[in-house]
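Enquirer: According to the numbering used here, the stretch in the sequence shown is residues -10 to 356, in order. Even glycine gets a Cβ: it sits at the ideal position worked out from N, Cα and C. I have a structure I would like to understand better, so I am pasting it below and will then ask my questions one at a time.
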Amino acid sequence: MFDFIPVKDYSDVYMNLSLGIVLLTIFHSYVLNLYDSKNLSFINVTGYLLLVFLILYIGTRPIDGVFGDTVNYNKAFEKYMLGGAIDDNEADYGWHVFMKFMSQFMNIHWFFTICAFIYIYPLYKISKNLFNRYWYYAFLMFVVSFSFFTYGVNGVRNGAALSIFLWGLCYRHNKIIMGICFFIATLFHKTALLPILAYVATFFYNNPKVYFKAWLACIPLSLLMGGIFIMLFTSLGFGDDRLNAYLTSSDAEAFASTGFRWDFLFHSAFAVFAGWYFIYKKKFNDTFYYQLLNTYLICNGFWILVIKANYSNRFAYLSWFMMALVIVYPFLKQTFFKYQYIILGNVILLYFGFTYFMSYIYYAYIR
């Protein structure tokens, strides 16, 4: 569908389109009131156009190695189209059942479009579920996140699994449907168990103060004993052989960006600071927000403990996929500032600014 866009420019189009939409959103925050009918029309039209565009844009991308695992997914899909069987020892067996079933009815581009729908629609769904008329701001935060595009075109099943987890949270008052969503998420990617178990833990203990302290403690523990934690989680059988390989691989050429990732820790701290600020400085009291924040702190703390591992970004995403929600939630639930709409617009710009900076400056000229 977007064959006219050179594959080398595909991510740039997404990035600069996002920049344009973020700037338009900020402009509206300065010239219109949040409740103004013109603003409501803008966010609804823009939001739905963005939703449809991203599903089609990511779903119909070229099958090219520039998108990492897209080529590998295509090879597996072609194998199933030709009648190939699923290996009994295949990791994330449910994902392969899904892929094989779909291969009997459609081509690879339709399959990737359905994957894009599974990845992106739940972001809209939970935004709408939590914030009603103002869903657009949460959805925009999701889709301009640092890791959003990568997990739409590369870590596809991981991204889909964690979006299904978010979909499950829409049914938090219906534990049966929520449990079904969580189960499907684990069938797609076993690592979804971490946020699921973390969220379940918040039903038993939900005091943010303790989770904040535990998160902070993970930093010196990782600096002093990071290698021990990597081997510990590997010996416990977290995930599967593929994920354990991510933890223990020592291919320096393939994984140049290893060691303690202060840049990623800085990024992770955005949500931690937001949670601390609203809860302790603004006295924001919301049980579900506590659950979201504590789930994030547990998952991000786990990643910090194994931060020195190769492919640690794959473990970081187990918390990063919630970051936008943790930051934007208080803004859309309660009024804290005189010009809150303008402040929200600036927060979105700063949040996306990190994504833009990392893409065009940090990775290009600094690292």
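Hey, would you say residue 315 sits closer than 7 Å to residue 282, going by beta carbons?
Expert: Contact flag set, yes.
Enquirer: Return the CA-CA distance between residue 198 and residue 286, expressed in angstroms with no decimal places.
Expert: So the alpha carbons of these two residues sit roughly 11 Å apart.
Enquirer: Just mark residue 184 as buried or exposed, buried being the case when its beta carbon has 16 or more other beta carbons within 10 Å.
Expert: That one is buried.
Enquirer: In or out: residue 341 buried (at least 16 other Cβ within 10 Å) or exposed?
Expert: Buried.
Enquirer: Looking at residue 142 and residue 250, is the spacing between their C-beta atoms short of 7 Å?
Expert: No, the Cβ-Cβ distance between residue 250 and residue 142 is not below 7 Å.
Enquirer: Any chance you could list the alpha helix (DSSP H) runs of at least 4 consecutive residues sitting entirely within the segment -10 to 61, in chain order?
Expert: Listed in chain order, they are -1 to 20 and 26 to 48.
Enquirer: Tell me which residues share the same chain as residue 85 and place their Cβ nearer than 6 Å to its Cβ, disregarding the 5 neighbours each side in the sequence.
Expert: Cβ neighbours of residue 85 beyond the five flanking positions: 75 and 79.
Enquirer: So, are the CB atoms of residue 112 and residue 128 less than 7 Å apart?
Expert: Cβ atoms of residue 112 and residue 128: closer than 7 Å.
Enquirer: Please classify residue 77 as buried or exposed, where buried requires at least 16 neighbouring CB atoms within 10 angstroms.
Expert: When all chains shown are included, residue 77 counts as exposed.
Enquirer: Determine the extent of the alpha helix (DSSP H) in which residue 75 is found, giving its start and end residues.
Expert: Note, residue 75: premise wrong, no alpha helix (DSSP H); not H, not E.
Enquirer: Give me the Cα-Cα distance between residue 27 and residue 186, rounded to the nearest whole angstrom.
Expert: Using only the alpha carbons, I get a separation of about 42 Å.
Enquirer: Report the rounded CA-to-CA distance for residue 349 versus residue 339, giving the unit in angstroms.
Expert: If I take the Cα positions, the gap works out to 15 Å.
Enquirer: Name the residue from 148, 120, 181 and 118 whose alpha carbon lies nearest to the alpha carbon of residue 132.
Expert: When each option's Cα is compared against that of residue 132, the closest is 148.
Enquirer: Where residue 296 and residue 213 are concerned, what is the direct C-alpha to C-alpha distance, given to the nearest angstrom?
Expert: Those two C-alpha atoms are separated by around 12 Å.
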